[in-house]
Amino acid sequence: MSVSTSTVAPAAGSSNTTNVTKRLQKELMQLMMSPSPGTSAFPDDPCNLLKWTATIVGPDDTYFAGKTFKLSFTFPGDYPLQPPTVLFTTPMFHPNVDMAGRICLDILKDKWSAVYNIQSILLSLQSLLGEPNNKSPLNGQAAQLWDEDPKEYKRLLEKRHQEAE
308 MSVSTSTVAP AAGSSNTTNV TKRLQKELMQ LMMSPSPGTS AFPDDPCNLL KWTATIVGPD
368 DTYFAGKTFK LSFTFPGDYP LQPPTVLFTT PMFHPNVDMA GRICLDILKD KWSAVYNIQS
428 ILLSLQSLLG EPNNKSPLNG QAAQLWDEDP KEYKRLLEKR HQEAE
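Quick note, the sequence shown lines up with residues 308 to 472 if you use our numbering.
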């Protein structure tokens, strides 16, 4: 007598989703146990780890000192093989951020590697606030003012940031 067994294939992407969830749970634990000064990030919903809200505080000795900026993180189903989509949700005036909050940062695009994580992204963004890449601006006006008219740059930054309050 032979016994017939059948196996049911897992739903498409389910093991991938499990891997992504495990990775994001690990990152959340890391953020809670070893937070970096001036940064935080948490899932929007504990039942959906693919959408997070983060904050960064502008570094001292920059135009952004003392200001808090919110960001949204949306993780793809194949994270960390692909980068999350990260947007500033606080209005921002910066050479590498457009008016819709999209960010021009190489590690979120072609220089992405699975070794990066939420914490390293937040630290990179915090650094970018004080050290923009004006050779590759997303906001040409901000880049030009940053280089040529710091007083006007700061005025427009303050105006844009007040729109958030």
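Backbone N, C-alpha and C define an ideal beta-carbon position, used for all residues, glycine too.
Rounded C-alpha distance that separates residue i from residue j
i           : j           : result
residue 333 : residue 388 : 16 angstroms
residue 379 : residue 370 : 22 angstroms
residue 465 : residue 331 : 34 angstroms
residue 347 : residue 363 : 7 angstroms
residue 430 : residue 450 : 21 angstroms
residue 323 : residue 385 : 7 angstroms
residue 424 : residue 350 : 14 angstroms
residue 395 : residue 416 : 16 angstroms
Reference residue i, options the options, closest by Cα
i           : options               : result
residue 401 : 443, 355 and 423      : 443
residue 353 : 342, 335 and 391      : 335
residue 383 : 454, 325, 460 and 462 : 325
residue 345 : 419, 420 and 372      : 372
residue 376 : 358, 435 and 458      : 435
residue 360 : 329, 392 and 368      : 392
Strand pairing of residue i, partner residues [DSSP]
i           : result
residue 365 : 372
residue 410 : 404
Environment of residue i [buried if 16+ CB atoms lie within 10 Å]
i           : result
residue 340 : exposed
residue 447 : exposed
residue 355 : exposed
residue 433 : buried
residue 365 : buried
residue 439 : buried
Distance cut-off 7 angstroms: residue i Cβ against heavy atoms of the ligand ZN
i           : result
residue 379 : Of ligands this structure carries none, so the ligand ZN is not represented either.
Going along the chain, which unbroken runs of the beta strand (DSSP E) with 3 or more residues stay wholly within the stretch 324-404? 346-352, 355-364, 375-381 and 392-395
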